[in-house]
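> For the sequence shown, my numbering gives the first residue as -1, with consecutive numbering after it. Heads up, the beta-carbon is just placed ideally off N, CA and C, and yes, glycines get one too. As the structure is a prediction and not an experimental result, all values here were calculated from the model.
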Amino acid sequence: MERLVYVDGRFYPKSEARISVFDHGFLYGDGVFEGIRAYGGRVFRLEAHLSRLYDSAKAIMLEIPLLEAEMRDIVLESCRRNAIRDGYIRLVVSRGPGDLGLDPRKCPRATVVCIADTIALYPEELYSRGMHVMTVSTRRNAVEALNPRIKSLNYLNNILAKIEANQAGYAEVLMLDERGLVVECTGDNIFIVRGRRLITPPLWLGILEGITRAAVMEVAAAAGMEVCETPFTRLDVWTADECFLTGTAAEAIPVVECDGRKIGSGRPGPITTELIGRYRALCAEQGVEI
Ligand code: PXG
């Protein structure tokens, strides 16, 4: 069965779903998006994703022509129409069609797209053996330029880093801010572990406020671990006991080497393994019924 894609109030077969070439999302990357997972017939942390979408839209002064409750129904209906019980949902809201100038005032109505599909996951082996990462020379966008907390359609900063990753043969890479502090990866947040303490960069440093990051912080605290949001450098990653990344697609994934330095034992550590289990259990039990 061909997938059905929601575009501006209607569902279209995938091959017929289209937007205007004058859409400022296409012309300028002017818009916002979300990537959401469904597990066992439930959408994980749907409210948090919607709230981040509307916050991102607010930051770029993009008026979404739907209530949050209506957007929620579109996500659920997209899953139902595509018989998705385990999958990935992409919500995109762009500035909409305008003219060939930058001015967003020329775009009277935002475009809303919802795609519900299956997801290509990292191989299970990366979870059992752990992944290798490197630091790239592309620095993360400055907070004062394009705040990484805005989940915008302008992902070129991340894509430039991804190109460095591809050239060097890494699945994911570490990005630094202009001072050299570790911020996040191209599509994942980062945690390091010292003893039973988790450390992750604070939001004000300029990172996406990951939904997975928040969920992992919750399960860690519930398991009696200390969690702190403190800036750190590459050296702290190299010398950590453990390191892992979090993201909707990756969930929580161990990192066992960074820039050629073995992290801890060089194998996924006990804290990371425990948190991966607790996060997976949370995904299996929580969520909005499709
Ligand atoms: N940082 C960045 C820059 C992201 O894009 C995350 C962290 C993790 O956030 P969540 O809320 O998912 O825990 C993301 C989100 C992809 C892909 O295809 C990944 C993301 C977004 C879009 C595409 O790998 N990650």
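1) Considering only C-alpha positions, which residue in the set S126, H130, T109 is nearest to N164?
2) Below 8 Å between beta carbons: does that hold for R276 and A221?
3) Cα separation between R138 and G185?
4) With 16 other CB atoms within 10 Å as the buried threshold, where does T237 fall?
5) Kindly indicate the opening and closing residues of the alpha helix (DSSP H) around R78.
6) Relative to the C-alpha of R93, which residue among D234, F20, I190, A248 is closest?
7) For D28, count the other beta carbons within 10 Å of its own beta carbon; 16 or more makes it buried, fewer makes it exposed. Which is it?
8) Using the three-state DSSP reduction, which class does L60 fall into: helix, strand or coil?
9) If distances are taken between C-alpha atoms only, which option among E14, K56, A108, L65 comes closest to G23?
10) When every heavy atom of ligand 1 is checked, does at least one fall within less than 7 Å of the C-beta of N289?
11) Considering only heavy atoms of ligand 1, does any lie closer than 7 Å to the CB of P292?
12) If I follow the unbroken alpha helix (DSSP H) through S126, where does it start and stop?
13) Of all the options D71, T270, E32, M59, which has the alpha carbon lying nearest to the alpha carbon of A46?
14) Give the secondary structure of I288 by DSSP, where H, G and I count as helix, E and B as strand, and everything else as coil.
15) State the beta-bridge partners of P252 as determined by DSSP.
16) Per DSSP, what kind of secondary structure is G27 in: helix, strand or coil?
17) Between the Cα of A81 and the Cα atoms of R259, L65, E283, A114, which residue gives the shortest distance?
18) Relative to the C-alpha of L144, which residue among E0, T271, E249, S54 is closest?
19) What did DSSP end up calling Y52 once you bin it into helix, strand or coil?
20) Mind the definition here: the region 204 to 211 touches the region 263 to 273 only if three or more C-beta pairs lie below 8 Å; say whether that holds.
21) Taking only the alpha-carbon atoms, compute the straight-line gap between Y26 and G99 and give it to the nearest angstrom.
22) Report the residue from V90, R195, E162 whose alpha carbon sits nearest the alpha carbon of L48.
23) Residue range of the beta strand (DSSP E) that C281 falls in?
24) So who's on the other strand from F189, going by DSSP bridges?
25) Can you say whether R35 is buried or exposed, counting buried as having 16 or more other CB atoms within 10 angstroms of its CB?
26) Please determine, among L233, N187, I72, P102, the residue with the shortest C-alpha to C-alpha distance to I58.
27) Return yes when the Cβ of G245 is within less than 8 Å of the Cβ of N155, no when it is not.
28) Taking only the alpha-carbon atoms, compute the straight-line gap between M69 and G96 and give it to the nearest angstrom.
29) So who's on the other strand from T184, going by DSSP bridges?
30) Going by other Cβ atoms of all chains shown within 10 Å of its Cβ, with 16 needed for buried, is C183 buried or exposed?
Reading it off the structure:
1) Among S126, H130, T109, the Cα nearest to that of N164 belongs to H130.
2) yes
3) When the Cα atoms are used, R138 and G185 turn out to be separated by approximately 12 Å.
4) exposed
5) 66 to 79
6) F20
7) buried
8) coil
9) A108
10) Nothing about residue 289 can be reported from this structure: the residues present for the chain run from -1 to 288 only.
11) Nothing in the structure corresponds to residue 292, since the chain is present only between -1 and 288.
12) 122 to 127
13) E32
14) In this structure, I288 counts as coil in the three-state DSSP scheme.
15) F242
16) coil
17) A114
18) By alpha-carbon distance to L144, the top candidate from E0, T271, E249, S54 is S54.
19) helix
20) no
21) 10 Å
22) V90
23) C281 -> not in any beta strand (DSSP E); alpha helix (DSSP H) instead, spanning 268 to 283.
24) F242
25) Its Cβ being crowded by 16 or more others within 10 Å, R35 is buried.
26) P102
27) no
28) 23 Å
29) In the DSSP output, where bridge partners are listed per residue, T184 has none listed.
30) buried
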